[in-house]
Structures are given as C-alpha cells and as structure tokens.
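Following the working numbering from start to finish, the sequence shown increments by one per residue and tops out at 1174.
No residue lacks a Cβ here, since even glycine has one placed at the ideal position from N, Cα and C.
Computed from a predicted structure; not experimentally measured.
Here's the structure, in structure tokens; my notes come after.
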Amino acid sequence: MDKIYVTRPSVPDLQEYIDEIRSCWDSKWFSNMGEKHQLLEKKLKELFGLEVTLFSNGHLALEAAIEEMDLPAGSEVITTPFTFASTTNAIIRKNLVPVFCDIRSDDFTIDASKIEKLITPKTRAIIPVHVYGNVCDVEEIESIARKHDLKVIYDAAHAFGVNYKTQPVVKFGYASVMSFHATKVFNTIEGGAVFYSDNNRSRNYDLIKNHGISDEENIDYPGGNSKLNELSAAMGLCNLRHFDENLVKRKELFEEYKRRLAGVEGIILPSENKETESNYSYFPVVFDSFKLSRDEVKEVLSKNNIEARKYFYPLTCDSSYIREKYDVCDDDLSVARFVAERVLTLPLYAELTKDDVNRICDIILGDISEGFNV
Ligand SMILES: *Cc1c(COP(=O)(O)O)cnc(C)c1O
C-alpha cells in the first residue's frame, strides 16, 4: 500500500498551473512584485478585508513583522513554546528575548491567564500562535496588551481560512503572520504574508522585503530580500480557486476521525470553540493513559507505512541553544510539557480518503482483523 504522509500539498492540475504561468514566460517577469504577486496580494486583501504584504516564506514574514515594531534590542517577548521552531527563532534572530508562557489544556494555545505574571519592565510584545488553527484567547490577550502597552503579533501560520466570531482570525493583533509553505492548508510552494490594518505600514514591510529600495535612486532602509516570486504567486492564485472544495474534503475526514476517536478512553481531542469556523488543517490527538503510549502509536502506524508526527515535540524552549542563553521557568510550563509528551498529529489532507482514515483508526484502536503489522 502507498505510504500515507502526515500531510501532502494541495496542488492544482498541472495544466491549470501551466496556463497560469504562461504569461510569465511571455513577459519574462519572474519576480519583483510582478503581475502575479500584485494579483495575489489584491485577492488576499479582498478575502480578508485587511492590508496584506506577501513574503518569500512565513518565517521571514514573521521576522519582518517583528522588525517593523522596532523594539529595543533585549526587549522581552512573551510567547508559547508549543509551536514550530520558527516562532521562537524569529524572536531571537531579531535580538529579542523569548519568555515562555504555558498553554491551555483544551486547545493548546497560550494560556492568557498566565501572561501577566511574566510581564517585566522589559516586556514589549506578545507573540502567541493560533496553533493547529485553534484560536487564541484574542479578547483577553488584547486587554492585557492594552493595559500594559504591549504589541501583539499572532503567528497565524496554521490559520488560513479560520474565522472567529465571523471575522478572519488575522484581524486580531497589531499584525498576524501566515505561512504559505507547501505543507500548509493554502500554499504558494514557499511563501507567507503579514496581515495588518494600518496601510501606513505597507511601506515599512516593502522596504524590509526589498533591500530598502524606495525608488530607483533611493535606498532608505537596511532591508533584506524576502520577496515572493511570480511562480509561487501563480501557484497561490491556482490554489485559492480550490481552497473551498479542499476545505470540504478535509472537514469530512476530520469528522470521520472524530466519529472514530471521540470518547475513546485515553484519547483526548482538542476542544472545538463554538465561535470558530475551523480550517480543519490538523488532527492532533493526545494519548494519555491510552493502552499504547504516543510513541507506540507512532511506531505501529509507521510499521503500516503511515506517517504521523509529534507536532509539537520537543517544546521550542528545550533546545540547548535556548537553555544555554535564556531563562526557562519549567515549573510554569507543565501543561505545555504534558501535551508535548503525549501529542501525535495524524495524517490529514484533502486527497486522503475516508477509508484511509478508518484504516488509521483501526490500527490505533487495535481493531485489527487482517493485514496490519503490529
Ligand atoms: C510553518 C510555520 C512557520 C514558518 O513558516 P515557513 O513558511 O515554513 O517559513 C512559522 N510558525 C509556525 C507555527 C509554522 O507552523
């Protein structure tokens, strides 16, 4: 049987993509905010009702969003360790100090009730993550930020298509950052974007991503290069057309997983927020006193050619380059540690079938009649 991966990129038919990029060959324009870049930015602006600046990937979009705040070096940023390395690395690479806050046990986002006690005179910002597309406690975070004059940047890398109280979730915070990496629900192969409401900031982000170039004769900022190229933007234009149909497919698979796994002893599924419209991007499962440990489940799936991933283990604060340089208050990270040690993300992508989901669940639950490797 073919290997089942934890995720696979959604892509258009090859012909659709070829048709989309033909004009690039005609114009010989492959980068520098060409036609495809402009059109994708415009479409995303319309879709989200926000300002959008595209970047070559999500990580550099996050670095740009941090850089644009222009905080003093050494400022502290309260963030979550239950995320992809990129979130923490971006903070460090912009010369700021990550301060790790615990997460909630029901949806794995930052525990807002534990933020205030981490605030010091050096704190300037909060960078929470809408992890797996689960929406952070945006109201509480906003009220803490206002009270202490902090800026909030959401790492919304997983949150394309997620709405909260009928609004795109990227409307919250000073800025939100998405990743359009091939493994994310909407992809431009590599790509990312910063979403924000104040159009005066567009210039800042453009300078950061394009060498600080204001015009032909003026360089006004020590910018770098993190522009999205035309072939990636064209991929985005194609994938945007199919996002909704893929969402329907992922929802069906998500529901099938739930039907099989909800209520099983030892299996905890993240709670669903009634105010949230999900993008069904990931299916994380916490195995706590299940008959198999998380690692054993991963192993038995792997023997059956099915790849599940320990998203997110280890916690980002446990890497040695962080431990050596920053204070990590382990006592206060008990929920994050509990989840990281037990969570496994199961395969979920539009091309997966319901039969695949059932086979995966059969293996996990041990309803193995024939043909499985144990
Ligand atoms: C994918 C991801 C990023 C980085 O995005 P890239 O486009 O891969 O650079 C940042 N944060 C989180 C939580 C992610 O999952």
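Counting only unbroken stretches of 4 or more residues, the alpha helix (DSSP H) elements lying wholly within the stretch 951-1030 are 1002-1009, in sequence order. Exposed is the label assigned to Tyr1121, since fewer than 16 other Cβ atoms lie within 10 Å of its Cβ. Between the stretch 1106-1122 and the stretch 1011-1021 there are fewer than three inter-stretch CB-CB distances shorter than 8 Å, so the stretches are not counted as touching. Taken through DSSP and simplified to helix, strand or coil, Ala925 comes out as strand. According to the DSSP secondary-structure assignment, Arg1109 is paired through a beta bridge with Thr1145. Per DSSP, reduced to three states, the secondary structure at Leu918 is helical. In the structure shown, Leu1115 adopts coil according to DSSP, grouped into three states. Under the Cβ criterion (8 Å, minimum of three pairs), the stretch 955-962 does not count as touching the stretch 816-834. In this structure, the C-beta of Leu862 approaches ligand 1 to less than 8 Å from one of its heavy atoms. Here the stretch 891-907 makes no contact with the stretch 945-952; the two share fewer than three CB pairs at distances below 8 Å. Asn1046 has its Cβ no nearer than 8 Å to any heavy atom of ligand 1. C-alpha of Val1128 to C-alpha of Lys836: approximately 44 Å in a straight line. Pairwise C-beta distances place the stretch 1086-1104 in contact with the stretch 1142-1161, as three or more of them are shorter than 8 Å.
One Cα belongs to Asn1079, the other to Gly1036, and the distance between them is close to 17 Å. Taking a C-beta distance under 9 Å as the contact criterion, Phe1090 and Ile1106 do not qualify as a contact pair.
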